[in-house]
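Residue numbers (the working numbering): 42 to 327.
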């Protein structure tokens, strides 16, 4: 295990608990103290960590960190599998797979879809992509981290899935803060606001669940029925949110971005279509 931030530490402890010996390395050596006390072996160098196993898991800030750490250990990569669970772009992920292959290593991309405290629990799942036989060979070792969801051979696909889901996650968190700031101007405290916001987030799933296959099939067919929630109706709400945030003296970056999606769809003549029509403007930015 290379990289011992909260996620790397959680994965190390999960692997140790399930009976896997783990050798660890981190640039700030003291971060390894806790997992070493729990039974991990400390490597003095990245090369020593790589040579300890044919399966090397990386949990780093980005892919640049992988190069910085492993550039002096490339002679040890041949015949090993690198599983990079770090965040970056799909294109950089594909480049990294080529870099690993150039040093005789195979490469799996992964995206852990839970925060560190949930690693190894029933709620944990991890998206992977890369060579199928490599995934099969290491499935037993990787499964304790979370249910593996293999997406295919393209090394960039798991990263794309990770980034797509984090788009929803981060946007939702920012939207919750926008709503909290709005209510805060009327003296409503965050301790009162956040439960309501979290209830809404949960209810969105309830609203869509059960109809997601029908909704997805319609989108794939280019159909966006607007009998329940038209672009014009949703766009009017987006306008009101911008106006309210402006009148309250708040930042309007997020509500204006949402407003722009609906205005684009209306401008393209799709005001009577369903709200999913905004995907066209996202796919074809001007």
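For each residue, glycine too, the CB sits at the ideal point set by N, CA and C.
Keep in mind that this is a model prediction, so the values were computed, not measured.
For residue 166, the enclosing beta strand (DSSP E) begins and ends at 166-170. Linking residue 226 to residue 285 through their CA atoms gives a straight-line distance of about 11 Å.
Note that the C-beta distance between residue 271 and residue 313 is below 8 Å.
Segment contact: the stretch 162-171 against the stretch 105-115, fewer than three CB-CB distances shorter than 8 Å; contact not assigned. Remark: C-beta atoms of residue 260 and residue 317 approach each other more closely than 8 Å. The beta carbons of residue 234 and residue 224 sit about 5 Å from each other, so the pair counts as a contact at 8 Å. Residue 146 counts as buried, since no fewer than 16 other beta carbons sit within 10 angstroms of its beta carbon. Of the residues 103, 77, 175, the one whose Cα lies closest to the Cα of residue 123 is 175. Considering only 105, 120, 311, the residue with the shortest C-alpha distance to residue 129 is 105. Here DSSP, grouped into helix, strand and coil, assigns residue 96 to strand. Below 8 Å, too few C-beta pairs join the stretch 80-96 and the stretch 213-221 to call them touching: fewer than three. The continuous stretches of beta strand (DSSP E) do not include residue 102, and DSSP gives it neither H nor E. No residue range can be given for residue 193, since it is assigned to no alpha helix (DSSP H) and is classified by DSSP as neither H nor E.
Listed in chain order, the beta strand (DSSP E) runs fully inside the stretch 240-287 amount to none, counting runs of at least 3 residues. Here residue 120 has 95, 145, 146 as same chain residues with Cβ atoms under 8 Å from its own Cβ, once five neighbours each way along the sequence are excluded.
Ranked by how close their Cα comes to the Cα of residue 207, the residues 194, 171, 155, 237 have 155 in first place.
With a 10 Å radius around the Cβ and a threshold of 16 neighbouring Cβ atoms, residue 90 comes out buried. Using a Cβ distance threshold of 8 Å, residue 306 and residue 321 count as a contacting pair.
Counted as a single uninterrupted DSSP element, the alpha helix (DSSP H) harbouring residue 77 occupies residues 74-78. In terms of CA proximity to residue 327, 301 leads the group 69, 301, 311. In the DSSP assignment, the residues bridged to residue 149 are 124.
Closest in C-alpha terms to residue 49, from the list 158, 238, 189, 264, comes 158. Counting only the Cα atoms, residue 221 lies some 35 Å from residue 198. For residue 58, the uninterrupted alpha helix (DSSP H) run begins and ends at 47-58, by DSSP. A direct Cα-to-Cα measurement between residue 204 and residue 138 gives close to 18 Å. Annotation for residue 140: the continuous alpha helix (DSSP H) segment containing it runs 131-143. Per DSSP, the continuous alpha helix (DSSP H) segment holding residue 323 begins and ends at 319-324.
In the DSSP assignment, residue 299 falls within the unbroken alpha helix (DSSP H) covering 294-308. Linking residue 77 to residue 98 through their CA atoms gives a straight-line distance of about 17 Å. Separation of the CB atoms of residue 303 and residue 319 is rounded to 6 Å, and the pair is thereby assigned contact status at 8 Å.
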